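Chains as they are written, first to last, in our numbering: chain A, 1 to 109; chain B, 1 to 114.
Here it is in structure tokens:
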């Protein structure tokens, strides 16, 4: 079983602050995805990164895939209350998706 | 509907009873996945279907858990002789079978075993 560890597990910040969430593994993946989940709903895909060292930006969110394709980070600039949720990374190998332990983010107005 | 549909949304059962959870994937999606999520935690893989076959059952926690998929569409996850530790949200997802394919999730079935 490929294990992906996310840190921090819980994060509570003020609106307007910046934050970074990390996703680490000892396994190599063909791609890595980030999902966001809100209470009572299923996770929704934010981004897929494929190439080692790749950086993708989605408005205030910046995603990076490690050079060795084992780890990733998610950086949020000027957090908003709408960013509140559970952030999950998922390493993809073949047809299998291995999810991380999750980071619960609360943005306080 | 256009999305992944799961039923029931909530199930409360007594310890020792059997339960069935249903997943209706997006039409045309060949891959179907079951995950289990404890409160606010990450997703634990249970089983993966490609069409009607299950190439990977490695995540099923015990022989009390089984799943089937018929007609390349609807899937049922069955838990026999439920235990309190089975309490969780069971999530189903479907996907086109592509290397960087996106998982589309249902809203989950919340199971509470008393």
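Backbone N, C-alpha and C define an ideal beta-carbon position, used for all residues, glycine too. None of the values given here were measured: they were computed from a predicted structure.
Checklist entry - What are the start and end residues of the beta strand (DSSP E) that includes residue 31 of chain B? => result 31 to 37
Checklist entry - Three-state secondary structure (DSSP) at residue 51 of chain A? => result coil
Next on the checklist: I'd like to know if the region 78 to 88 of chain B and the region 15 to 25 of chain B are in contact, where contact means that at least 3 CB-CB pairs between them fall below 8 Å.
Outcome noted: yes
Checklist entry - Nearest-angstrom Cα distance between residue 46 of chain B and residue 93 of chain B? => result 12 Å
Next on the checklist: Let's test the definition: count the other Cβ atoms within 10 Å of the Cβ of residue 12 of chain B and tell me whether it reaches 16, buried, or not, exposed.
Outcome noted: exposed
Checklist entry - Going along chain B in order, which residues have a C-beta closer than 8 Å to the C-beta of residue 101 of chain A? => result 41, 42
Checklist entry - When you check each C-beta in the region 53 to 68 of chain B against every C-beta of chain A, which residues fall closer than 9 Å? => result 55, 56, 58, 59
Next on the checklist: Going by DSSP, what residue range makes up the beta strand (DSSP E) through residue 11 of chain B?
Outcome noted: 10 to 13
Checklist entry - Within the 8 Å Cβ cut-off, does residue 40 of chain A reach chain B? => result yes
Item to check | One or two residues paired with residue 57 of chain A in a DSSP bridge | outcome: A:62
Checklist entry - Under 8 Å, do residue 105 of chain B and residue 114 of chain B count as touching if we go by C-beta distance? => result no
Next on the checklist: Only counting the same chain, and skipping five residues up and downstream in sequence, which positions put a Cβ closer than 7 Å to that of residue 84 of chain B?
Outcome noted: 15, 113
Item to check | Partners in chain A for residue 31 of chain B, counting only beta-carbon separations shorter than 7 Å | outcome: 95
Next on the checklist: Which residues does DSSP list as the beta-bridge partners of residue 56 of chain B?
Outcome noted: B:48
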